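To start, the structure under review is shown below, and the notes come after it.
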Amino acid sequence: MIKSFQPPQRVLMGPGPSDVSPRVLEAMSRPTIGHLDPEFIRMMDELKALLKQTFLTENELTMPVSAPGSAGMEACFVNLVEPGDKVIVCQNGVFGGRMKENVERFGGEVVLVSDEWGTPVSVDKVKAAFETHPDTKILAFVHAETSTGVRSDAKSLCAIAKEYDALTIVDAVTSLGGSELRMDEWGIDAIYSGSQKCLSCPPGISPVSFSEKAVEKVQSRESRTPSWFLDKKLVMGYWGGDGKRAYHHTAPVNSLYALHESLVILQEEGLENSWARHAKHHEALKAGLEAMGISFLVEEAYRLPQLNSVMIPEGVDDAAVRSALLSNFGLEIGAGLGALAGKVWRIGLMGAACNRRNVTLCLSALESTLA
Ligand code: PLP
């Protein structure tokens, strides 16, 4: 007989998922009701309002995609890229590479702007790319590169795209809730995030938002959107503004209760207070790590407070340390990804996991493991 699965208690300080607060887990265990039940529909309206507050947008098309961040990414590209469209894709880590692949798969023509891993997207290179390719339809970049811990200057990048009347697609999987992000003020046209990082929800939901200009592009496509599930024209029948809520797919009812609760918690704290909390605990972690002689991959001005990439000290066995932290302290930190595998650890301070107790635990556990 296979028994019920009982996961161990962990403290999640990796690149996500992050610790889920007990309030969110409790919300998730409430009775499942129909996804067209009037009470559920009322909850959906609140969820949309909460997501708008969190993205800082008035966009009507703001909704959770019923699948992880990668589906949010795909929802943006599959709806907005048409065959032959020129798209400037910025790559300074793993997730920019996935954007490139999305554009290629949907028939777009990629103009790649590459930057070193651990550095932000170069605003100057993007300007130069637009000068060479003024007919570019879309600029796509990752705001918070989880593979490196770098924040790029979303505001300046979007301003360049506007000069050329291009749409912008922004990956905010790791930034939403953890550091400054202003969708409307910065002129972002399409954005996607994930439930499992600074929103501290279980993984599996991807909030997205499309500006009016992005919706116009979706409505005026010449070719049929090459995905049924992610076609915004179809999903809008369920999540759209006309309030009709026609069946599209069976919504992940309890996961949406969880997202609702996590956004209520964020609203109670205040979005800007949450950004400030992430910055504050990052400073404490940084001071402790530097005192131990551990240095950061990223220059201070571009560091993400919620994702700290630190250099693995010379002669230290990466996997042995992470496994000792897990078995002796129940503490998960992340390994390096792609080109940074074996070179860095990624220490997350995301959402509910971003607190003083976790900073202290991480510093003392690392110190005693490295001793
Ligand atoms: N984009 C970024 C920047 C991410 O960090 C991640 C996940 O870590 C994703 C996209 C993909 O999200 P998911 O793993 O939820 O599909």
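Note that the sequence shown covers residues 1 to 371 in UniProt numbering. Glycine residues also receive a C-beta, built at the ideal position from the N, C-alpha and C atoms. What you are looking at is a predicted structure, and each value in this text was computed from that prediction instead of being measured.
Run of the alpha helix (DSSP H) containing residue i, from where it starts to where it stops
i           : result
residue 358 : 356-370
residue 126 : 123-132
residue 40  : 38-55
residue 215 : 212-219
residue 22  : 22-28
residue 248 : Run containing residue 248: none; DSSP gives neither H nor E here.
residue 287 : 271-291
residue 235 : 232-239
residue 183 : 183-186
Inter-residue Cα distance where the pair is residue i and residue j
i           : j           : result
residue 98  : residue 222 : 25 Å
residue 373 : residue 71  : It is not possible to answer for residue 373, since the shown part of the chain is limited to 1 through 371.
residue 271 : residue 303 : 19 Å
residue 17  : residue 246 : 32 Å
residue 177 : residue 244 : 30 Å
residue 142 : residue 94  : 10 Å
residue 179 : residue 2   : 43 Å
residue 358 : residue 138 : 40 Å
residue 311 : residue 149 : 12 Å
residue 184 : residue 58  : 7 Å
residue 236 : residue 144 : 28 Å
residue 194 : residue 92  : 20 Å
residue 264 : residue 50  : 7 Å
residue 82  : residue 89  : 15 Å
residue 206 : residue 15  : 16 Å
residue 160 : residue 254 : 41 Å
residue 257 : residue 111 : 40 Å
residue 38  : residue 44  : 10 Å
residue 342 : residue 40  : 46 Å
residue 336 : residue 262 : 28 Å
residue 290 : residue 114 : 30 Å
residue 162 : residue 130 : 11 Å
residue 352 : residue 65  : 22 Å
residue 77  : residue 46  : 27 Å
residue 266 : residue 199 : 8 Å
residue 102 : residue 74  : 7 Å
residue 106 : residue 169 : 15 Å
Cross-strand partners of residue i (DSSP beta bridge)
i           : result
residue 171 : 142, 192
residue 91  : 114
residue 109 : 86
residue 308 : 347
residue 11  : 331
residue 65  : 206
residue 303 : 150
residue 296 : 310
Exposed unless 16 or more other CB atoms sit within 10 angstroms - verdict on residue i
i           : result
residue 25  : exposed
residue 297 : buried
residue 192 : buried
residue 213 : exposed
residue 384 : Residue 384 is absent from the structure shown; the chain starts at 1 and stops at 371.
residue 136 : buried
residue 328 : exposed
residue 120 : buried
residue 365 : buried
residue 165 : exposed
residue 34  : exposed
Extent of the continuous beta strand (DSSP E) to which residue i belongs
i           : result
residue 345 : 344-348
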